[in-house]
Amino acid sequence: MFVEYKGALSVKGNLLFFETVEGIGYGEKVTVKYEEREIYGRVAAVGEKVTLIEMLGETYGIGVENLRVKFSGEPFRIGVGKSMLGRAFDAFGRPIDDLGPSVAQKRVDIAGAAYNPARRVHPKDAVKTGISAIDGLNTLIKGQKLPIFALSGVATDELVSQLVRQASGGKKSAVVFAAIGIKHENAEYFLKSIMASGRYSDTVLFLNRADEPSVNSLLLARSALTLAEYLAFEEGYDVVAVLYDMANYCDALREVSAKREEIPSRKGYPGYLYSDLASIYERAGILKGKTGSLTQIPVLTMPDDDITHPIPDLTGYITEGQIVLDRGLHQAGIYPPINVLPSLSRLMNKGISKVHQREANQLYAAYAKAKRAQMLASIVGEEEISQTDKSYLEFGRAFEEEFISQGGYESRSLEETLDIGWRLLRALPVSELTRLKPEDIAEFIDGSEK
Numbered sequence: 000m001f002v003e004y005k006g007a008l009s010v011k012g013n014l015l016f017f018e019t020v021e022g023i024g025y026g027e028k029v030t031v032k033y034e035e036r037e038i039y040g041r042v043a044a045v046g047e048k049v050t051l052i053e054m055l056g057e058t059y060g061i062g063v064e065n066l067r068v069k070f071s072g073e074p075f076r077i078g079v080g081k082s083m084l085g086r087a088f089d090a091f092g093r094p095i096d097d098l099g100p101s102v103a104q105k106r107v108d109i110a111g112a113a114y115n116p117a118r119r120v121h122p123k124d125a126v127k128t129g130i131s132a133i134d135g136l137n138t139l140i141k142g143q144k145l146p147i148f149a150l151s152g153v154a155t156d157e158l159v160s161q162l163v164r165q166a167s168g169g170k171k172s173a174v175v176f177a178a179i180g181i182k183h184e185n186a187e188y189f190l191k192s193i194m195a196s197g198r199y200s201d202t203v204l205f206l207n208r209a210d211e212p213s214v215n216s217l218l219l220a221r222s223a224l225t226l227a228e229y230l231a232f233e234e235g236y237d238v239v240a241v242l243y244d245m246a247n248y249c250d251a252l253r254e255v256s257a258k259r260e261e262i263p264s265r266k267g268y269p270g271y272l273y274s275d276l277a278s279i280y281e282r283a284g285i286l287k288g289k290t291g292s293l294t295q296i297p298v299l300t301m302p303d304d305d306i307t308h309p310i311p312d313l314t315g316y317i318t319e320g321q322i323v324l325d326r327g328l329h330q331a332g333i334y335p336p337i338n339v340l341p342s343l344s345r346l347m348n349k350g351i352s353k354v355h356q357r358e359a360n361q362l363y364a365a366y367a368k369a370k371r372a373q374m375l376a377s378i379v380g381e382e383e384i385s386q387t388d389k390s391y392l393e394f395g396r397a398f399e400e401e402f403i404s405q406g407g408y409e410s411r412s413l414e415e416t417l418d419i420g421w422r423l424l425r426a427l428p429v430s431e432l433t434r435l436k437p438e439d440i441a442e443f444i445d446g447s448e449k
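With numbering that gives the first Met the number 0 applied, the sequence shown corresponds to residues 0 to 449, in that order.
Here it is, written out as structure tokens:
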């Protein structure tokens, strides 16, 4: 039997200051009742005399008179189960697709569990995305967390949608997509684009719109990862979790922190931003004795295109690399506009062959020289540069148009990606292919061993 308590002191936005009740705990789920309205909430802080409750819903018009709170005695949990595949949910795990309730096989705390590092297995197998700039040069590995640093106004929605449709860790794979604080038109785009794909039955959508309370954004990321952990470590799926947009998550965290009157740090974000992001990103991995894996692709829009901003800066510290989008490529009509030079996958070499590794190194080095030749040609003129520089200039153009660029619904196999790379390298003098072994040149460039 639950007891309803009175004792509201004040309401500030979605924050309720309440007289402390004996026996309550941090993170406890509560129900706030006001007149005919019921709103979920959770305990955000417990003091000797005052308890801070975050209300997770529309709070307009709520006052302290006649307000009652019911404490559940347990942390915030959501129901999880395989029946959630092919469905769409809100931050509380409630269906929003008009297909009725889903069958929960168990209820799990959304805070997740802290896994002993000794239980973790080092990632070693590749995840296929069908995107050449990732699979070929910045390969995603099962259990890895590889963020995408996006730019406002660049084709990020299209890239995210393509990743959700195409990312696959193997025969038994699933994708959990968390759309955090997005606009209504973006939500409609994702729903139509992803639900119309052929693999929607292996996909779960969690949607949180921009007009919802900020704390819902914080909940949604954890609710999505709670289901992803269940599918990976209890049902044996190779799960790819796509989190978009983590900048909205961090802005929500800053807003909630400001309402709590906490002391701000860089750019107004709370001083615990790093540890909070780590509590999200470190839920990726592979565990001993488990057949599944959880791979993360957090996507964040860099404020003012600044890679040194606290959000991408701290994300880079926690994760294993980054995929960087480029405005110049976008303006040139290249999709996806991935700049491979500042991009990096630190675990790439753990899941690819030695030949693939050498080809990727050669393509990277050749493209870097092509950009240098392009800069030189813009200064002295293309006719004044050497023949070798001209060959790099042609390589760079072809590399962007044929290797990086591909259709929004085009899923390339790894073999197709590598074949395009070998074909582009044949345009360079053999003396420039210093990252390849003689047998690579003989087999893939000269073709003498075919």
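Just so it is clear, CB atoms sit at the ideal spot from N, CA and C, and this is done for glycine as well.
In three-state terms, what does DSSP make of residue i?
i	result
Ile351	coil
Tyr188	helix
Thr58	coil
Arg357	helix
Pro437	helix
Pro499	The structure shown does not extend to residue 499, since the chain is modelled only from 0 through 449, so no value can be given for it.
Ser344	strand
Ala7	strand
Ala125	strand
Phe91	coil
Tyr363	helix
Asp451	No answer is possible for residue 451: it lies beyond the span of the chain, which begins at 0 and ends at 449.
Asp303	helix
Ser447	At Ser447, the pLDDT of 46 sits below 50, so the modelled position is not reliable; the number obtained from the coordinates is stated separately. Coil, per DSSP.
Gln373	helix
Lys266	helix
Enumerate in chain order the residues of its own chain whose CB-to-CB distance from residue i is below 6 Å, with the five nearest sequence positions on each side excluded.
i	result
Gln104	Gly80
Ala369	Tyr391, Phe394 and Gly395
Thr300	Ala149, Ser151, Asp244 and Ala246
Val20	Tyr4
Gly320	Leu145, Leu343, Ser344 and Arg345
Nearest to residue i by CA position, among the options, is which residue?
i	options	result
Ala177	Ser274, Val159, Thr19 and Glu319	Val159
Ile147	Leu218, Ile310 and Leu423	Ile310
Glu414	Gly407, Ile351 and Leu217	Ile351
His355	Pro100, Leu299 and Thr416	Thr416
Gly212	Leu14, Glu409 and Thr433	The sequence shown places Pro at residue 212, not Gly. Per the Cα distances, Leu14.
Tyr280	Pro263, Glu254, Asp303 and Glu228	Glu228
Lys123	Ile133, Ile140, Ala112 and Leu98	Ile140
Gly407	Gly24, Ile193, Ile61 and Ala113	Ile193
Lys32	Gly56, Leu162 and Gly26	Gly56
Ile130	Val175, Ile444, Lys436 and Tyr334	Tyr334
Asp134	Gly72, Gln165 and Glu53	Gln165
Val298	Ala90, Ser172, Gly72 and Gln161	Gln161
Thr155	Tyr188, Gly169, Phe88 and Leu136	Tyr188
Leu362	His308, Trp421 and Ser9	Trp421
Thr464	Leu8, Arg93, Glu53 and Leu98	Absent from the model: residue 464. The displayed extent of the chain is 0 to 449, so no value can be given.
Ala251	Ala231, Ala220 and Thr225	Ala220
Over the uninterrupted alpha helix (DSSP H) stretch that includes residue i, give me the two end residues.
i	result
Met245	Met245 to Lys258
Ile215	One point to set straight first is that residue 215 is Asn, not Ile, in the sequence displayed. Its alpha helix (DSSP H) spans residues Ser213 to Phe232.
Gln161	Thr155 to Gln165
Ile133	Ser131 to Asp134
Ile279	Leu272 to Tyr280
Asp388	Gln386 to Ala397
Whose C-beta lies closer than 8 Å to the C-beta of residue i among residues of the same chain, with five residues either side of it excluded?
i	result
Leu328	Pro336, Ile337, Asn338, Glu399 and Ile403
Glu34	Asn65
Ser200	Leu84 and Gly85
Ile317	Lys144, Tyr273, Leu276, Ala277, Tyr280 and Glu281
Ser256	Pro263, Tyr268 and Pro269
Ala186	Ala178, Leu206 and Arg208
Over what stretch of residues does the beta strand (DSSP E) that includes residue i continue unbroken?
i	result
Ile475	Summary: the structure shown does not reach residue 475, with the chain confined to residues 0 through 449, and so no result is reported for it.
Ala87	Arg86 to Phe88
Ile38	Arg36 to Val45
Leu413	Element bounds for Leu413: not the beta strand (DSSP E) but the alpha helix (DSSP H), Leu413 to Leu424.
Arg76	Arg76 to Val79
Phe17	Leu14 to Glu18
Lys28	Glu27 to Tyr33
Asp108	Lys105 to Asp108
Can you list, in chain order, the residues of its chain with a C-beta nearer than 7 Å to that of residue i? Leave out the 5 residues immediately preceding and following it.
i	result
Gln373	Leu392 and Gly395
Asp312	none
Leu423	Phe394, Ala397, Phe398, Glu401 and Phe402
* Unbroken alpha helix (DSSP H) runs of length 4 or more, entirely within the region 305–335: which are they? -> 309–317 and 326–330
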